[in-house]
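Reviewing the structure listed below.
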Amino acid sequence: MKKTIAISSVALIILAFGLVAVGPFLTIYAIKDSLSTPDAKNISKYVNFPVLRQNIKGQLGTVLSDRMSDALGNNPLGAVVSGFSANLADHIVESFVTPAGLRALMSGRDPASIDTTDDTTGENQELSSTSFNYDSHDQFSIYFDGYNGKQVRIVLEREGLDWQLTNILPLN
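In case it helps, the working numbering puts the sequence shown at residues 408 to 579.
Rendered as structure tokens:
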């Protein structure tokens, strides 16, 4: 009896670790599958859009403020322009971090070239030069070549037993 309980316990532990280990792969497959359908609304189960938008706004805000400070130097209008650029970054992110924008990115196209009102399916190409790794027990990264050959990193984070896309990082 004790042997059966021990074997069952070990089997359940192995099964639990296996489910956690394959979770990111199932999530990426589900995201690609959701993006290939005309109704991409169910993608919100796999993409944490509020966190993703906030992360991308932070990246874009940093890039814009660095470029503005370099371009404006000690110009007194720099603060006004910086405020305007932060507002512009918010609108850009809200426009492009959508199911259509993700569809373009994951098919290797430039997200700026998409029609954000288009809900039709795009080409579901395989990501070229894809690699992946676990960053920690609750973070997983996928690396692939995006448009113009630039490498992109997609970050998934674990919420309980589920994984969600939370960040997209350009590496170049």
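No residue lacks a Cβ here, since even glycine has one placed at the ideal position from N, Cα and C.
Range covered by the alpha helix (DSSP H) that runs through residue i
i, result
"residue 435", "409-442"
"residue 459", "456-479"
Distance between residue j and residue i (C-alpha atoms, nearest Å)
i, j, result
"residue 568", "residue 441", "20 Å"
"residue 459", "residue 475", "24 Å"
"residue 570", "residue 557", "25 Å"
"residue 555", "residue 537", "15 Å"
"residue 507", "residue 546", "25 Å"
"residue 498", "residue 543", "32 Å"
"residue 562", "residue 548", "5 Å"
"residue 529", "residue 564", "For residue 529, the predicted structure reports a pLDDT of 45, less than 50, and the residue's modelled location is therefore unreliable. A value from the coordinates is still provided. In a straight line, the C-alpha of residue 529 is about 26 Å away from that of residue 564."
"residue 411", "residue 431", "32 Å"
Bridge-paired residues (DSSP) for residue i
i, result
"residue 560", "550 and 576"
"residue 539", "549"
"residue 566", "569"
Residue burial classification, residue i (beta-carbon count within 10 angstroms, cutoff 16)
i, result
"residue 572", "buried"
"residue 574", "buried"
"residue 414", "exposed"
"residue 453", "buried"
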